[in-house]
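Enquirer: Starting off with a structure, shown below.
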Amino acid sequence: MKLGDYEVKLEKKVRVTGWEATTISLLAILIGLALVGLIFLQAGVNPLTGYRAIFSYAFVNKFGLPLTINRSVFILLCTCAFIVPMKAGLWNIGMAGQLYGGTLAAFGVALAFGAKDPQTPTLAPGIVIPLMMLGAILGGALIGSIPGFLKGRFNTNEIVVTMMLNSIGFWLIAFMIKEGGPFMGGGGEGQGFKLSESIFAPMVWGGTFTIPIALALAALLYFMFAKTTLGYQIKAFGLSPSAAKYSGISQQNVPLLVFMFGGLIAGLAGYHYFAAVPGVYKIPTNYGDFGDLSFYGIICGLISQGNPLAAIPFALLFGGLTNGGRFVQGQLQLGYGIDYALLGVLMITLVAFQFFYRNTIVWKKMEREK
Amino acid sequence: MPIQPVKRGDTVLEARGITKRFPGVVANDHIDFEIRAGEIHAILGENGAGKTTLMKILFGLLQPDEGEIYVHGEKVTFHSPLDAIHLGIGMVHQNRKLIPAHTVLENILLGHPKAGSIPDLKRTRDEIAELCDRYGFKIDLKAKVWQLSEGEKQVVEILKTLYRGARILILDEPTSSLAPPETEKLLESIRIMTGEDLALVPFITHKLPIVLTISERVTVLRRGKVTARLRTADATENSLAKEMVGREVIFRLEHVEVERGKPILEVEDLSALNDKGLVALKGVSFSVHEGEILGIAGVSGNGQQVLAEVLAGLRKAVSGRVLIDGINISRADSLERWKMGMGYIPSDRINVGSIGAQSLVENVLMNYYFDGAFSRWGIVDSQKTRKLTEGLISEYAIATPGPDSTAKSLSGGNLQKLILARVLSRKPRLIIANLPTQGLDVGATEFVQNKILEAKRQHAAILLISEDLEEVLSLSDRVAPIYEGEFMDIIPVDQARIEDIGAMMAGLKRKVAQP
């Protein structure tokens, strides 16, 4: 292409350094924010005021910040749940179903210990909380094992299976918490029973104990894919199934394993939000919103290119923006859906800018022809 | 500029001083040549000699840094292949660019200017049938491409370019994947084409005899430079090989005498199906002993691939038994077989034998990740793996910037060296080598063959599957011609006559069944 005296060419990039990737992502975020700024202008709000309100509520405000962190941890766990199968070249679109499964199992454990019955004496948190977490990861892994098994054994399309399981999980919860359902809450207003105070999740440094767990998990995954034979086998399977088969990597076990692992992490996300976040401690009426929120795990996993550590800042950003966006919508009386617009535009710019992970633009001054 | 009518002997394409630099290498260094109508002008060179780059430049896929291209005497600049196509240049790729689920006719029509609106299928079919008649191609236009053999796919590619009006055909390794009878047919059509004043430019790395039979002139490339410009009549196989490789090449390998030991691999009445569910292997029985090479000679698609996969544990047998060291491993998966000392060199280096996006270290790990010596508590000993990779790179003289380069950055020959190095470094007692030299240039072929002989010297039992009869005869101790999934015989190589084996490969002759 020619631009004035310059010839503009695209060249393929061989490798992207972490520094370049960060710069590209930051640039994408800035441009995304600038684009949404036009919406603010159109709505008669100074974009700077708008963004200041969003970011200060999301990352500074003492009410907003904990909400942001809890949402971000949830998104981070969903991202990890997406990344593990992604490394094996498989698409986990079913974090919602898996986290519903985990949530049901965790609350099932609580129920079994009599958490619903107000007459129950104080429960032993040292026993019940670990068992609830165990339930959450087993429940998530169980739902995850379905697409994994079907993929490995019959080469079924994992996207379809996981999507369908999302619906099944959603309605299963609806059935459990409806009036007359086994998990029905006391007030009968379409939400699950509340956990008794004795088994509220413990807090570490003012946050839920699931925060360090999620961060450690991301680090563990990073290590697993960088250093272990298991991670190697999963990556090999993802990059070239036929080469993996040649090397003796099991064609049946890898899909099963990655989906169980992914489901396990998603189950933990369910435990985190519904059983560990202060003020929730139940399956709320709007549990479906968190199924939707889990889909940010997909975009986050894709933007971070399957790197669980790189996913942390993106999870924080998305967690903050969903939170802050919703807040300013009310505060500045913006139209409905400004938060979705903001996130949508940001995702598009982030994905579009991945183009520069693989290409660079080269400017070359042309010699004038005589 | 319209495609101009030309007379035999007119210069139709001329390249002057073509230079293309890539970071670190000069792929093409002032290359000159000219191509005339009605002539076959072969471009010969090893992998990495700059052939592919030159080919891409002539077809407009790459732009040269320096130099000029003239078509019919006029200077041209190709911005894209479309410019080249408009000037009557056609390219027949080695990696076929066809849509398997579509018919031959649909594939030929795809991308044709006439296909823009609703195509007149009847007229098109007649026109293409006429082209087939004229050049002696026999092909069913209604067949789906996935049903075709490699040779037939090539014919489709050629028809596609001819139907678009190409007068200058660039052929990338035209005979490399063809069986001998298909090669004959192709050469016949090529002769007719040159008779009609088309210019053909085959790019060739190996199969030197074919260069000598079909072409009139040869340009030899080595390391991006033209090293020789010859009339084929003045060249011999040895002189061409020498120009290509830069040193003398020994075509005859010395036979390695090793004492034949106990049987390592025993196969009894083995049958298996191919991907389409058809019986591709019909009850073969044989054994391979320590220090022995059993060569399986056959035309592509006669069950060799299925046999190799069954032996490697990648495909289930329908019936029969496979034993290693007398232990029945028919049900063992491939990982167990690797651990028992099997080494498998697959025919598909790019999709099966390597993972293109991964580094050389990770590619070496493909055969080592399960090895307790290279990991501890499930954590890869990356230093040890790296050291191993570096050792293999230097021992096998693999041309690469280093162990962190990706496998896809390697040329075909270097990739095969890497796979061979990785498999042989495990010191396997049983080696299954499936088409180990296919598509390799002369130098790399020689290297691979010597490595196989070296493994034999170390008393490995080797099953060599090859479509190159000469290779089978010069390397093996016994030869088994395979035809439609059956061994026609198993003959000690010193009693084998090349005509007999050729006839058996074609299914014309077989040994009378023994009691």
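Protein chains in written order, with this note's numbering: chain A, -7 to 362; chain B, 58 to 572.
Idealized CB from N, CA, C, for every residue including glycine.
Since the structure is predicted, the reported quantities are computational estimates derived from the model, not experimental observations.
Rounding to the nearest angstrom, what Cα-Cα distance links D109 of chain A and G184 of chain A in this structure?
Expert: The residue labelled residue 109 of chain A in the question sits at position 117 within the first sequence. The residue labelled residue 184 of chain A in the question sits at position 192 within the first sequence. Roughly 13 angstroms separates the two Cα atoms.
Enquirer: In or out: I353 of chain A buried (at least 16 other Cβ within 10 Å) or exposed?
Expert: Looking up residue 353 of chain A in the first sequence gives position 361. Under this definition I353 of chain A is an exposed residue.
Enquirer: Do you know whose CA, among B:A337, B:H346 and B:H87, lies nearest A365 of chain B's CA?
Expert: Along the second sequence, one-based indexing puts residue 365 of chain B at 308. It is B:A337 whose Cα lies nearest to the Cα of A365 of chain B.
Enquirer: Can you list, in chain order, the stretches of the beta strand (DSSP E) that have 3 or more residues and sit fully within the segment 187 to 233 of chain B?
Expert: For the segment 187 to 233 of chain B, whole beta strand (DSSP E) runs of length 3 or above, ordered along the chain, are 225 to 229.
Enquirer: Under 9 angstroms, do L213 of chain A and I75 of chain A count as touching if we go by C-beta distance?
Expert: Counting from one through the first sequence, the residue named residue 213 of chain A turns up at place 221. Counting from one through the first sequence, the residue named residue 75 of chain A turns up at place 83. Going by C-beta atoms, L213 of chain A is nearer than 9 angstroms to I75 of chain A.
Enquirer: Rounded to the nearest angstrom, what separates A193 of chain A and W163 of chain A at their Cα positions?
Expert: For the purposes of this step, residue 193 of chain A is taken as residue 201 along the first sequence, with counting starting at 1. For the purposes of this step, residue 163 of chain A is taken as residue 171 along the first sequence, with counting starting at 1. Straight-line Cα distance between these residues: approximately 26 angstroms.
Enquirer: If I measure Cβ to Cβ from I156 of chain B and keep anything under 8 angstroms in the same chain, skipping five residues before and after, which residues do I get?
Expert: For the purposes of this step, residue 156 of chain B is taken as the residue at position 99 of the second sequence. If we look at I156 of chain B and ignore the five residues flanking it on each side, its Cβ neighbours are E163, N164, L167 and V202.
Enquirer: What does P403 of chain B touch in chain A if you count any residue whose Cβ is under 7 angstroms from its own?
Expert: The residue labelled residue 403 of chain B in the question sits at position 346 within the second sequence. Going along chain A in sequence order, the residues near P403 of chain B (Cβ under 7 angstroms) are Y238.
Enquirer: Going residue by residue through the segment 419 to 449 of chain B, where are the continuous beta strand (DSSP E) segments of at least 3 residues, counting only ones entirely within it?
Expert: As far as the segment 419 to 449 of chain B is concerned, it has no whole beta strand (DSSP E) run of at least 3 residues.
Enquirer: With H, G and I counted as helix, E and B as strand and the rest as coil, what does DSSP make of K319 of chain B?
Expert: The sequence position of residue 319 of chain B within the second sequence is 262, counting from 1. The answer is coil: DSSP assigns K319 of chain B none of H, G, I, E or B.
Enquirer: Among A:Q321, A:G311, A:G336 and A:K274, which residue has its Cα nearest to the Cα of F99 of chain A?
Expert: The residue you call residue 99 of chain A lines up with position 107 of the first sequence. Nearest C-alpha to F99 of chain A: A:K274.
Enquirer: Does the structure place the segment 72 to 90 of chain B close enough to the segment 33 to 52 of chain A that three or more beta carbon pairs sit under 8 angstroms?
Expert: No, the segment 33 to 52 of chain A is not in contact with the segment 72 to 90 of chain B.
Enquirer: According to a CB-to-CB cut-off of less than 8 angstroms, which residues of the segment 214 to 233 of chain A neighbour chain E?
Expert: Within the model displayed, chain E is absent; protein chains A and B are what it includes.
Enquirer: Here's the rule I'm using: 16 or more other beta-carbon atoms within 10 Å means buried, otherwise exposed. How should P572 of chain B be labelled?
Expert: Taking the first residue of the second sequence as position 1, residue 572 of chain B is located at position 515. Only weak support exists for where P572 of chain B lies, its pLDDT of 39 falling under 50; the value from the coordinates is given anyway. Classification for P572 of chain B: exposed.
Enquirer: Return the chain-ordered list of same chain residues with a C-beta closer than 6 angstroms to the C-beta of G281 of chain B, the five sequence neighbours on each side being excluded.
Expert: Residue numbering aside, residue 281 of chain B sits at position 224 when the second sequence is read from its first letter. Around G281 of chain B: V83, A84, N85, D86 and G107.
Enquirer: Which stretch, first to last residue, makes up the beta strand (DSSP E) that contains P247 of chain A?
Expert: Residue mapping note: residue 247 of chain A aligns to position 255 of the first sequence, counting from 1. Element bounds for P247 of chain A: not the beta strand (DSSP E) but the alpha helix (DSSP H), N245 to Y263.
Enquirer: How should E230 of chain B be labelled, buried or exposed, when 16 other C-beta atoms within 10 angstroms of its C-beta is the threshold for buried?
Expert: For this step, residue 230 of chain B is matched to residue 173 along the second sequence. Buried.
Enquirer: With F47 of chain A and G316 of chain A assumed to form a contact (beta carbons below 8 angstroms), what rounded beta-carbon distance in angstroms separates them?
Expert: Against the first sequence, residue 47 of chain A aligns to sequence position 55. Against the first sequence, residue 316 of chain A aligns to sequence position 324. Contact holds; Cβ gap of about 6 angstroms.
Enquirer: Taking S432 of chain B as the query, report the chain A residues whose CB atoms sit under 7 angstroms from its CB, ordered along the chain.
Expert: Counted from its first residue, the second sequence places residue 432 of chain B at position 375. By Cβ distance, chain A contributes T221.
Enquirer: Can you give the Cα-Cα distance for F348 of chain A and T240 of chain B, rounded to whole angstroms?
Expert: Locating residue 348 of chain A in the first sequence gives position 356, counting from the first residue. Locating residue 240 of chain B in the second sequence gives position 183, counting from the first residue. Cα to Cα, the separation comes out at about 45 angstroms.
Enquirer: Anything in chain B within Cβ reach of A235 of chain A, meaning under 8 angstroms, just list it in chain order.
Expert: Walking along the first sequence from the start, residue 235 of chain A turns up at place 243. Going along chain B in sequence order, the residues near A235 of chain A (Cβ under 8 angstroms) are N408, V409, G410, S411, I412 and M423.
Enquirer: Determine the direct distance from the alpha carbon of N351 of chain A to that of M58 of chain B, and round the result to whole angstroms.
Expert: Walking along the second sequence from the start, residue 58 of chain B turns up at place 1. Walking along the first sequence from the start, residue 351 of chain A turns up at place 359. Bear in mind that a pLDDT of 43 at M58 of chain B, under 50, signals an unreliable position, so the number given afterwards is only what the model happens to contain. Spanning the two alpha carbons is a distance of roughly 34 angstroms.
Enquirer: If you measure between the beta carbons of L19 of chain A and F345 of chain A, is that distance less than 9 angstroms?
Expert: Here residue 19 of chain A corresponds to residue number 27 of the first sequence, with the count starting at 1. Here residue 345 of chain A corresponds to residue number 353 of the first sequence, with the count starting at 1. Yes, they are a contact pair.
Enquirer: If you draw a straight line from the C-alpha of G198 of chain A to the C-alpha of Y263 of chain A, how long is it?
Expert: Reading the first sequence from its first residue, position 206 is the one you call residue 198 of chain A. Reading the first sequence from its first residue, position 271 is the one you call residue 263 of chain A. If you take the alpha carbons of G198 of chain A and Y263 of chain A, they lie about 18 angstroms apart.
Enquirer: Take S328 of chain B as the anchor and find which of B:K132, B:G348 and B:K373 has the nearest alpha-carbon.
Expert: Taking the first residue of the second sequence as position 1, residue 328 of chain B is located at position 271. Ranking B:K132, B:G348 and B:K373 by Cα distance to S328 of chain B puts B:K373 first.
Enquirer: Between L166 of chain B and chain A, is there a C-beta pair that is closer than 9 angstroms?
Expert: Along the second sequence, one-based indexing puts residue 166 of chain B at 109. No, L166 of chain B does not count as interfacial toward chain A.
Enquirer: Between which two residues does the beta strand (DSSP E) holding F260 of chain B run?
Expert: Locating residue 260 of chain B in the second sequence gives position 203, counting from the first residue. It spans A256 to I261 - the beta strand (DSSP E) in which F260 of chain B sits, taken as one unbroken run.
Enquirer: Would you kindly report the start and end of the unbroken beta strand (DSSP E) that includes Y127 of chain B?
Expert: In the second sequence, residue 127 of chain B corresponds to position 70, counting from 1. That run of the beta strand (DSSP E) goes E123 to V128.
Enquirer: Considering just the uninterrupted stretch of the alpha helix (DSSP H) at H346 of chain B, what are its terminal residues?
Expert: As a first step, residue 346 of chain B must be located in the second sequence, where it is residue number 289. H346 of chain B -> not in any alpha helix (DSSP H); beta strand (DSSP E) instead, spanning V336 to H346.
Enquirer: Assuming contact is defined by CB atoms lying nearer than 9 angstroms, are I151 of chain A and Y92 of chain A in contact in what I supplied?
Expert: Numbered from 1 along the first sequence, position 159 holds the residue referred to as residue 151 of chain A. Numbered from 1 along the first sequence, position 100 holds the residue referred to as residue 92 of chain A. No.
Enquirer: Give every residue of the same chain whose Cβ lies closer than 8 angstroms to the Cβ of S432 of chain B, excluding the five residues on either side of it in the sequence, and list them in chain order.
Expert: The count along the second sequence starts at 1 and reaches residue 432 of chain B at position 375. Here the set comprises Y426 and D438.
Enquirer: Please report the straight-line C-alpha distance between D557 of chain B and I539 of chain B, rounded to a whole angstrom.
Expert: The sequence position of residue 557 of chain B within the second sequence is 500, counting from 1. The sequence position of residue 539 of chain B within the second sequence is 482, counting from 1. Roughly 13 angstroms separates the two Cα atoms.
Enquirer: Under the three-state reduction of DSSP, which class applies to L166 of chain B: helix, strand or coil?
Expert: Residue numbering aside, residue 166 of chain B sits at position 109 when the second sequence is read from its first letter. Here L166 of chain B sits in helix by DSSP.
Enquirer: State the DSSP-derived secondary structure class of W355 of chain A, mapped to helix, strand or coil.
Expert: Position 363 of the first sequence, counted from the first residue, corresponds to residue 355 of chain A. Here W355 of chain A sits in strand by DSSP.
Enquirer: Do the segment 190 to 201 of chain B and the segment 245 to 252 of chain B make contact, defined as three or more Cβ pairs closer than 8 angstroms?
Expert: With a cut-off of 8 angstroms, the segment 245 to 252 of chain B and the segment 190 to 201 of chain B count as touching, because enough Cβ pairs lie within range.
Enquirer: Please work out which residues of its chain come closer than 6 angstroms, Cβ to Cβ, to P276 of chain A, disregarding the five sequence neighbours upstream and downstream, and give them in chain order.
Expert: Taking the first residue of the first sequence as position 1, residue 276 of chain A is located at position 284. The residues are Q183.
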